[in-house]
Amino acid sequence: MPTPTVEFSSRDTVSDMLNGFIELLQSQCQISYPPTRLASSNELRQDPSLVTIVKIILKFVEDYTPLGTNDSVLLRFWLGVMGNLDMDSFNVPVILNDDLILEQLYTRGAADSWPPQLSLQDCYTQIIDFNATERVVDMDIVGEQRTGSSSPVHQHLQLLYILASI
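My numbering applies: residue 104 is where the sequence shown begins, and numbers increase by one.
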């Protein structure tokens with residue numbers, strides 16, 4: 104029985120958000136959309152742990168963006184990993200609490216800031232102007248520490264909701 108072919112949308116016709124994820128996957132895996140599969144990635148052969156970054160991106164697209172399952176499936180078909188990755192048991196907030204995973208995301212340039220944000224585009228946050236009445240001003244910076252009422256998992260969940268609203 105012949106293998107069915109999948110027609111991929113042109114990069115010009117997909118949403119800006121999906122294009123951002125495609126570019127992120129292309130840069131991390133050194134492959135191109137749509138002809139190249141993940142199995143062809145020299146980056147993956149050199150660093151098999153790259154699969155974890157790919158899984159984070161795919162799971163994030165599926166569960167935390169308006170793109171949802173349909174576009175996650177499109178990305179999996181493109182990468183040639185449909186059915187090969189167990190996405191149901193993959194828990195992004197727990198994975199993002201692993202220091203080795205965070206180090207890999209940061210050093211590869213897949214994420215920036217704290218809490219980590221996928222490097223799809225510039226992030227804009229609320230800017231608060233204030234007049235300092237003293238020479239030294241104490242202020243809380245979210246993600247500055249891992250203790251207190253804002254646990255790492257809570258911070259990562261905040262990250263996921265922030266990114267989902269992009």
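For glycine and all other residues, C-beta sits at the position ideal for the given N, C-alpha and C. Here the structure is a predicted model, which is why all the values come from computation and not from measurement.
Buried/exposed call for residue i, threshold 16 Cβ in 10 Å
| i | result |
| --- | --- |
| Ser-118 | exposed |
| Val-239 | exposed |
| Tyr-227 | Confidence in Tyr-227 is poor, its pLDDT being 38 and thus under 50, which makes the residue's placement too unreliable to answer from. |
| Asp-115 | exposed |
| Ser-175 | buried |
| Leu-203 | exposed |
Beta-carbon gap between residue i and residue j smaller than 8 Å
| i | j | result |
| --- | --- | --- |
| Phe-124 | Leu-178 | yes |
| Ile-160 | Arg-211 | no |
| Ser-195 | Leu-141 | It is Val, not Ser, that sits at residue 195 in the sequence shown. Contact flag unset, no. |
| Lys-158 | Met-190 | yes |
Close Cβ partners of residue i (< 8 Å) along its chain, the five nearest in sequence each way excluded
| i | result |
| --- | --- |
| Ser-144 | Cys-132, Gln-133, Ile-134, Leu-153 |
| Gln-129 | Ser-135, Tyr-136 |
Chain-order list of residues whose beta-carbon lies under 7 Å from that of residue i (same chain, five-residue window excluded)
| i | result |
| --- | --- |
| Gly-171 | Glu-165 |
| Trp-181 | Phe-111, Tyr-136, Pro-137 |
Nearest to residue i (by Cα), restricted to the options the options
| i | options | result |
| --- | --- | --- |
| Leu-127 | Ala-214, Asp-174, Ala-235 | Ala-214 |
| Ser-192 | Asn-173, Lys-162, Phe-111 | Lys-162 |
| Leu-199 | Arg-148, Leu-182, Leu-221, Asn-234 | Leu-221 |
| Gln-207 | Ser-113, Thr-139, Asn-122, Asp-150 | Asp-150 |
Close Cβ partners of residue i (< 6 Å) along its chain, the five nearest in sequence each way excluded
| i | result |
| --- | --- |
| Tyr-209 | none |
Inside the stretch 115-165 only - beta strand (DSSP E) runs reaching at least 3 residues: none
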